[in-house]
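The block underneath contains the structure these notes are about, expressed in structure tokens.
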DNA sequence: GTATTCTACCTCGGAGTCGATATATCTTGT
DNA sequence: ACAAGATATATCGACTCCGAGGTAGAATAC
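Protein chains in written order, with this note's numbering: chain A, 3 to 182; chain B, 3 to 182.
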């Protein structure tokens, strides 16, 4: 998704793509060559991108990659109806968010945000005692677990706040375009 | 790490462990049977835990798992000197944090928190233009990317604040025990 | 001249994870 | 009496991903 998402902005070569994906995922989680290049080839085989060899501006020759219509369609399908992991896993969610603007319909964008919003709504029970009963933060002995739950709660509220404002904005815009 | 960390609190059987790990990791990212049971066996082979068959209190018989001294040592090694991913990947970091109290020396605990603190300090450049120059949040066209960077910044500050207070507290305590 | 470094691409083996499948027990509903 | 569902453990094949290694061109350092 990140490869097609970046290519949708402008054509790139593999090495450049690697650095962009690395700085996006998490913060700086490098993507291994052994992951990137086979994935590019897979997307090429699936007609999602085309390759054009260009002389390297700095060193060895590059393969400039361009997204195709099939690739754009595939990207939009992934964004419109993301797998569960893209909603529940923070890392994946942030990747999705980075490319959600490529889904052009504000109503569809709002629906995706709503899924995340719904997920964040369910109260997080992280720790349980011997009997399996949830332990509230104030009864946790470990200051790290206490901090973990505090941070978790605080960051969730921050994101929920943003989501609500954004969903409202998108629905307003969807209403405008529908009533025109 | 999560298996040994939970067992360090009290003995558990696999099924129970599965639910606890699931509710901890991320928030609710279920752990597959095919991951859990082979891992338990691997830890057993490595003498990190012992197994004792007990009649199932509700249904089928359980294998009650108990951590050994070797297991405790291994857990502490993982916590004391975590791999890079445990510092930079939010999901992994939160798992580590959930068990950091098993590292009993406050000085060692503070050192791990300091590594995370140092990582959070480096400013996040998530998006770049065609020339490779970083794009500041205010010049981003996508509201989702803008929100992404806002949320990222805000949650980072929240965690940094907590880390600083916690590191200070731990160092105070380390000073006390050293001067006694 | 030559070594090093950065750019740029690619492949292979191994490790880890998942989903499907299987088995068995006990409780609950019908 | 029987079916369904939760509990509980285990394995296997498929898949993904990474890390190590290799190739090569161009710039820079020594």
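Just so you know, even glycine gets a beta-carbon here, dropped at the ideal spot from N, CA and C. These numbers come from a predicted model, not from an experiment.
Query, Result
"Given a cut-off of 8 Å, decide if residue 161 of chain B and residue 128 of chain B are closer than it, judged by their beta-carbon atoms.", "no"
"Identify each residue in the stretch 135–153 of chain A for which the Cβ-Cβ distance to at least one residue of chain B is less than 8 Å, and report them in chain order.", "143, 144, 145, 146, 147, 149, 150, 152 and 153"
"For a cutoff of 8 Å on Cβ pairs, would you count residue 25 of chain A as touching chain B?", "yes"
"Going along the stretch 96–125 of chain A in order, which residues come within less than 7 Å of chain B, judged by CB to CB distance?", "96, 99, 100, 102 and 103"
"Can residue 31 of chain B and residue 91 of chain A be called in contact, C-beta distance under 8 Å?", "yes"
"What is the rounded straight-line gap between the Cα of residue 4 of chain A and the Cα of residue 133 of chain A?", "43 Å"
"Spatial neighbours of residue 148 of chain A within its chain, please: C-beta separation below 6 Å, excluding the five flanking residues on both sides.", "139 and 142"
"Please report the distance separating the alpha-carbon of residue 64 of chain B from that of residue 71 of chain B.", "22 Å"
"Pairing CB atoms from the stretch 35–42 of chain A with CB atoms from the stretch 11–25 of chain A, are three or more of them under 8 Å?", "yes"
"So residue 22 of chain B contacts chain A; which residues on that side make the cut at Cβ distance below 7 Å?", "130"
"Counting pairs of Cβ atoms below 8 Å between the stretch 97–107 of chain A and the stretch 49–60 of chain A, do you hit three or more?", "no"
"Please give me, in chain order, every unbroken run of the beta strand (DSSP E) with length at least 3 that falls completely inside the stretch 46–133 of chain A.", "51–56 and 64–69"
"For the putative contact between residue 176 of chain A and residue 108 of chain A, defined by C-beta atoms under 8 Å, what is the C-beta separation to the nearest angstrom?", "5 Å"
"Starting from residue 156 of chain B, find everything on chain A with Cβ-Cβ shorter than 7 Å and list it in chain order.", "160"
"Can you name the start and end residues of the alpha helix (DSSP H) that residue 25 of chain A belongs to?", "16–26"
"Would you tell me roughly how many angstroms separate the C-alpha atoms of residue 60 of chain B and residue 66 of chain B, rounded to the nearest one?", "14 Å"
"Between which residues of its own chain and residue 73 of chain B is the CB-CB distance below 6 Å, once the five residues before and five after are set aside?", "6, 50 and 51"
"Taking the beta carbon of residue 12 of chain A as the centre, do at least 16 other beta carbons fall within 10 Å, making it buried, or is it exposed?", "exposed"
"So, is the C-beta of residue 168 of chain B closer than 8 Å to a C-beta in chain A?", "yes"
"Check this for me: beta carbons of residue 68 of chain B and residue 9 of chain B, under 8 Å apart or not?", "yes"
"Keeping to the same chain, check which residues put their C-beta closer than 8 Å to that of residue 154 of chain B; ignore five residues upstream and five downstream.", "126 and 128"
"Report yes if the CB atom of residue 146 of chain B is closer than 8 Å to the CB atom of residue 99 of chain A, and no otherwise.", "yes"
"Measure from the alpha carbon of residue 164 of chain B to the alpha carbon of each residue in B:124, B:151 and B:115, then state which is nearest.", "B:115"
"Among A:14, A:25 and A:62, which residue has its Cα nearest to the Cα of residue 42 of chain A?", "A:14"
"Contact defined as beta carbons within less than 8 Å: I believe residue 150 of chain B pairs with residue 111 of chain B. What is the distance between those atoms, to the nearest angstrom?", "That belief does not hold up - the Cβ atoms of residue 150 of chain B and residue 111 of chain B are roughly 31 Å apart, past 8 Å."
"Taking only beta-carbon positions, decide if residue 12 of chain A is within less than 8 Å of chain B.", "yes"
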